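Below: one structure, written as structure tokens.
There are 2 protein chains.
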Amino acid sequence: MKSEDIEKLKGVLKIQSDIRKTLGEELRKKDFIEISSVILSPITDPLNHPIAPTNINCYGKKYSITQSMIFHKQIALRTLEKIFAFSPNVRLESLERKNTGRHLFEFTQLDLEIKDAKREDVMKLCEELFISVIKSVKKNFKKELRILGRELTLPKAPFKQIKYKDAYQKYGEEFEQIISKTHKEPVWIVDFPLTNREFYDGEDPKRPGVLRDMDLIYPEGYGEALSGGEREYKYDRIKQRILKKGQKPSQFKEYLTLAKDDLPPSAGFGIGIERLTRYICGLKRIEETTLFPKIPGKRCI
Amino acid sequence: MKSEDIEKLKGVLKIQSDIRKTLGEELRKKDFIEISSVILSPITDPLNHPIAPTNINCYGKKYSITQSMIFHKQIALRTLEKIFAFSPNVRLESLERKNTGRHLFEFTQLDLEIKDAKREDVMKLCEELFISVIKSVKKNFKKELRILGRELTLPKAPFKQIKYKDAYQKYGEEFEQIISKTHKEPVWIVDFPLTNREFYDGEDPKRPGVLRDMDLIYPEGYGEALSGGEREYKYDRIKQRILKKGQKPSQFKEYLTLAKDDLPPSAGFGIGIERLTRYICGLKRIEETTLFPKIPGKRCI
Chain A
206 MKSEDIEKLK
216 GVLKIQSDIR
226 KTLGEELRKK
236 DFIEISSVIL
246 SPITDPLNHP
256 IAPTNINCYG
266 KKYSITQSMI
276 FHKQIALRTL
286 EKIFAFSPNV
296 RLESLERKNT
306 GRHLFEFTQL
316 DLEIKDAKRE
326 DVMKLCEELF
336 ISVIKSVKKN
346 FKKELRILGR
356 ELTLPKAPFK
366 QIKYKDAYQK
376 YGEEFEQIIS
386 KTHKEPVWIV
396 DFPLTNREFY
406 DGEDPKRPGV
416 LRDMDLIYPE
426 GYGEALSGGE
436 REYKYDRIKQ
446 RILKKGQKPS
456 QFKEYLTLAK
466 DDLPPSAGFG
476 IGIERLTRYI
486 CGLKRIEETT
496 LFPKIPGKRC
506 I
Chain B
206 MKSEDIEKLK
216 GVLKIQSDIR
226 KTLGEELRKK
236 DFIEISSVIL
246 SPITDPLNHP
256 IAPTNINCYG
266 KKYSITQSMI
276 FHKQIALRTL
286 EKIFAFSPNV
296 RLESLERKNT
306 GRHLFEFTQL
316 DLEIKDAKRE
326 DVMKLCEELF
336 ISVIKSVKKN
346 FKKELRILGR
356 ELTLPKAPFK
366 QIKYKDAYQK
376 YGEEFEQIIS
386 KTHKEPVWIV
396 DFPLTNREFY
406 DGEDPKRPGV
416 LRDMDLIYPE
426 GYGEALSGGE
436 REYKYDRIKQ
446 RILKKGQKPS
456 QFKEYLTLAK
466 DDLPPSAGFG
476 IGIERLTRYI
486 CGLKRIEETT
496 LFPKIPGKRC
506 I
């Protein structure tokens, strides 16, 4: 590595460390409790796109590596009110995704969830966190941003909102990319159709088929930042949604057992730390955000 | 769960969140950079006791889940000076260990490493961190400690040091347990013999066969807190130590390639967050420190 590139990488790593710091501090100020991440479990997020499984034999029983902590977050809210975790996720993405500049097969999400919250509560929280993170980086890393050639603008809250239906109508299938490329500030996409998302995304009781969820899109072409929303939490509804998705309830046995007993209503989101770092540092590829990038298909330490 | 038990668990989780907060804050004050944890890699700590492997096929290549980040820490110091990570470790311990009250097959270590540091530097740092953590918990969680029935004393630095040789002579094979049970403050064990430890533990150049390493032992019977020390960092010495251990250099191929190029001298340690929580909260079993305990042999979400 050239010494110039090492200097750049150092700057990126310092900024990423500061991003984690700000996120943790702001959440603690709001009485969030940091819980441990979960790496192995018999249950994990099935996700909404094809992904290779990571089966591990532990003491003769079958476990997977966490693809997201969604179920554990809901279960944690049986004990606590507001939680977060810096949660490593492993997702063995298809090889086509190795060149997107946005996919690693191992990454970290700040994953958070609030009991009894509505989508609007977590959207507001997200905007506050986002602005705090950018303020801190702009204040403390002037030299590093200059070396990276990054002019970072502080967005104004509330961020613009576009309904999925309107985005699709106006921009077609590639709406996410087009919205990202044509905007200078982050944009929310809300109200995804039920058929497009995971079974745990909460359906709007007043508008069947429409979800109480959202994605945040980075400006300047950096693409998706996060997904989140309200959750399904009643046993019957969860089971129905699993079946509607063509998935097997037996795959989520422990989760369903707990849902039958009691899961509280909640809302939350998960935001990828590497993608956030990429956006903040203005980097071309996500591999540049971490010391040990995991590039789909490549042998990486 | 009885509401009394839920109250206790809530207290423990809040204290654990505060422990993470204090550790992170203190390290950042000392210019440490938080790096991402590593979950999958072709290279991981072989450890010094028998453990079932966690082989995963990623894109046709063989990976394991991190047993400790030791190699990645040393490699990270090629770019940064002082680093830490809250690093989830998976160790498929033998079933005999399920009843020790001290073993989970998944847990989190605060893992840190300092370039060009000596053992004494990281011992001092550890004492400072330990005292800061206890001060914060005593100040902010009076009610929770009362509910847990825990009277927590603030230890005085520097902690007592006992050489391995002397500990073994005085107490025999079970020295760790005996020292833990008979002391009211933490105790360092230093200078382990080379044959007892992993190949990466640095040998004292002035005393062949003796390591520049240490363990910290909790008082009151809570057992081992952490392991650490100076590291082997020169290619020839690392290779020699691997062979001496009866291990295969090919198992550490990527690590050896980087060591041949350049690894800096360093010292560091890893301290288990769940064990620290258990000690601070005065809990009987490590399962009580976390929402999703992974008990060897049991199917755990």
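In order, the protein sequence lines correspond to chains A and B. Residues 206 to 506 (my numbering) make up the first sequence, in order. Residues 206 to 506 (my numbering) make up the second sequence, in order. Think of the CB as a built atom: it goes at the ideal place given N, C-alpha and C, for glycine as much as any other residue. Note that the coordinates shown come from a computational prediction; the quantities given were computed from them, not determined experimentally.
Report the neighbours of Tyr264 of chain A on chain B: residues whose CB is nearer than 9 angstroms to its CB, in chain order. Ordered by position in chain B, the residues that pass the 9 angstroms Cβ test against Tyr264 of chain A are Ala257, Leu297, Leu300, Phe310, Pro501, Gly502, Lys503 and Arg504.
Which chain A residues sit within Cβ distance under 7 angstroms of Leu214 of chain B? Those within 7 angstroms of Leu214 of chain B in chain A are Thr284.
Under 7 angstroms between C-beta atoms, does Val243 of chain B make it to chain A? Answer yes: the Cβ-Cβ gap between Val243 of chain B and chain A drops below 7 angstroms somewhere.
Select from B:His388, B:Gly502, B:Lys444 and B:Arg417 the residue whose C-alpha is nearest the C-alpha of Ala472 of chain B. Checking every option, the nearest Cα to that of Ala472 of chain B belongs to B:Arg417.
Please report whether the beta-carbon of Ser273 of chain A lies at a distance below 7 angstroms from any beta-carbon of chain B. With a threshold of 7 angstroms between beta carbons, Ser273 of chain A makes no contact with chain B.
Taking the alpha helix (DSSP H) that Ile384 of chain B falls in, what are its first and last residues? Secondary structure note for Ile384 of chain B: its alpha helix (DSSP H) is the uninterrupted segment Phe380 to Thr387.
Three-way DSSP call (helix, strand, coil) for Ile261 of chain A in this model: Ile261 of chain A: strand per DSSP, three-state reduction.
Kindly indicate if chain A contains any beta-carbon less than 7 angstroms away from that of Ile443 of chain B. It does not; no Cβ of chain A falls within 7 angstroms.
If you drop the 5 nearest sequence neighbours on each side, which residues of the same chain put their C-beta closer than 6 angstroms to that of Pro198 of chain B? Residue coverage of chain B in this structure runs from 206 to 506, which leaves residue 198 of chain B outside it and unanswerable.
Which runs of the beta strand (DSSP E) at least 3 residues long sit entirely within the stretch 275-319 of chain B? Give them in chain order. Note on the stretch 275-319 of chain B: whole beta strand (DSSP E) runs with a minimum of 3 residues are 287-295, in chain order.
I'd like to know whether the C-beta of Glu378 of chain B is nearer than 7 angstroms to at least one C-beta of chain A. Output row for Glu378 of chain B: interface = no.
What number of angstroms, rounded off, separates the C-alpha of Gln279 of chain B from the C-alpha of Glu318 of chain B? Computed Cα separation, rounded: 7 angstroms.
Name the chain B residues that come within less than 8 angstroms of Lys226 of chain A, Cβ to Cβ? Going along chain B in sequence order, the residues near Lys226 of chain A (Cβ under 8 angstroms) are Gly229, Arg233 and Glu239.
Using beta carbons (cut-off 7 angstroms, strictly below), is Ala281 of chain A in contact with chain B? Taking a beta-carbon distance threshold of 7 angstroms, Ala281 of chain A counts as an interface residue toward chain B.
Option nearest Ser292 of chain B by Cα separation, candidates B:Pro360, B:Ser241 and B:Asn260: Closest in C-alpha terms to Ser292 of chain B, from the list B:Pro360, B:Ser241 and B:Asn260, comes B:Ser241.
What are the partner residues of Leu431 of chain B, as DSSP defines its beta bridges? Answer is B:Leu421 and B:Ile476, bridged to Leu431 of chain B.
Where Ile248 of chain B meets chain A, residues with beta-carbon distance less than 7 angstroms: Proximity of chain A to Ile248 of chain B at the Cβ level (cut-off 7 angstroms) is accounted for by Ile506, in chain order.
Contact set between Ile211 of chain B and chain A, taken where Cβ atoms lie within less than 7 angstroms: Here the neighbours are Thr284.
Less than 7 angstroms between the beta carbons of Tyr369 of chain B and Phe335 of chain B, yes or no? Contact: no.
Assuming Ile383 of chain B and Val392 of chain B form a contact by the criterion Cβ under 8 angstroms, report the distance between their Cβ atoms to the nearest whole angstrom. Contact between Ile383 of chain B and Val392 of chain B fails: their C-beta atoms lie close to 11 angstroms from each other, not under 8 angstroms.
Taking Cβ positions, are Arg296 of chain A and Gln314 of chain A nearer each other than 7 angstroms? Taking 7 angstroms as the Cβ cut-off, Arg296 of chain A and Gln314 of chain A do not qualify as a contacting pair.
Over the uninterrupted alpha helix (DSSP H) stretch that includes Ser337 of chain B, give me the two end residues. Per DSSP, the continuous alpha helix (DSSP H) segment holding Ser337 of chain B begins and ends at Arg324 to Asn345.
Can you tell me which of A:Pro498, A:Phe276, A:Lys213 and A:Thr387 puts its alpha carbon nearest to the alpha carbon of Leu461 of chain A? Ranking A:Pro498, A:Phe276, A:Lys213 and A:Thr387 by Cα distance to Leu461 of chain A puts A:Phe276 first.
Would you tell me roughly how many angstroms separate the C-alpha atoms of Leu309 of chain B and Asp371 of chain B, rounded to the nearest one? Cα to Cα, Leu309 of chain B sits roughly 30 angstroms from Asp371 of chain B.
For a test of the three-state rule: what should DSSP assign to Lys267 of chain B, helix, strand or coil? Of the three classes helix, strand and coil, the one that applies to Lys267 of chain B here is strand, per DSSP.
Measure the beta-carbon distance from Lys386 of chain B to Gly354 of chain B and round it to whole angstroms, keeping in mind my assumption that it falls under 8 angstroms. Contact doesn't hold; Cβ gap of about 19 angstroms is too wide.
Beta-carbon within less than 7 angstroms of Ser337 of chain A's beta-carbon, same chain only, minus the 5 sequence neighbours each way: which residues are those? Correct list, in chain order: Thr227 and Glu231.
Grab me the residues of Tyr440 of chain A's own chain with a C-beta within less than 6 angstroms of its C-beta, minus the 5 sequence neighbours each way, in chain order. The beta carbon of Tyr440 of chain A sits closer than 6 angstroms to those of Ala464 and Lys465, all from its chain and outside the five residues before and after it, given in chain order.
In chain order, what residues of the same chain lie with their CB nearer than 6 angstroms to the CB of Lys499 of chain A, ignoring the 5 residues before and after it? Sequence-distant partners of Lys499 of chain A (beyond 5 residues in either direction) whose C-beta falls short of 6 angstroms from its own C-beta, in its chain, are Leu309, Phe310, Glu311 and Cys505.
If we count the other Cβ atoms within 10 Å of its Cβ and call it buried at 16 or more, is Asn294 of chain B buried or exposed? The Cβ neighbour count for Asn294 of chain B, taken over all protein chains shown within 10 Å, is at least 16; the residue is labelled buried.
Less than 7 angstroms between CB atoms is the rule here; does Leu496 of chain A satisfy it with respect to chain B? Cβ-Cβ to chain B under 7 angstroms: yes for Leu496 of chain A.
Let me make sure I understand the geometry here. Which of B:Leu421, B:Arg436 and B:Glu437 has the alpha-carbon closest to that of Ala430 of chain B? Measuring from the Cα of Ala430 of chain B, the nearest candidate turns out to be B:Leu421.
Could you please give me the residues that DSSP links to Leu245 of chain A through a beta bridge? Bridge pairing for Leu245 of chain A: A:Ile270 [DSSP].
Does any CB atom of chain B fall closer than 7 angstroms to the CB of Ser222 of chain A? Taking Cβ atoms only, chain B reaches closer than 7 angstroms to Ser222 of chain A, which makes this a yes.
Expressed to the nearest angstrom, what Euclidean distance is found between the alpha-carbon atoms of Lys458 of chain A and Ile485 of chain B? Pairing Lys458 of chain A with Ile485 of chain B, the inter-Cα distance amounts to about 35 angstroms.
Residue nearest to Pro360 of chain A in terms of C-alpha spacing, selected from A:Lys344, A:Asn345, A:Glu390 and A:Gln366: Considering only alpha carbons, the answer is A:Glu390.
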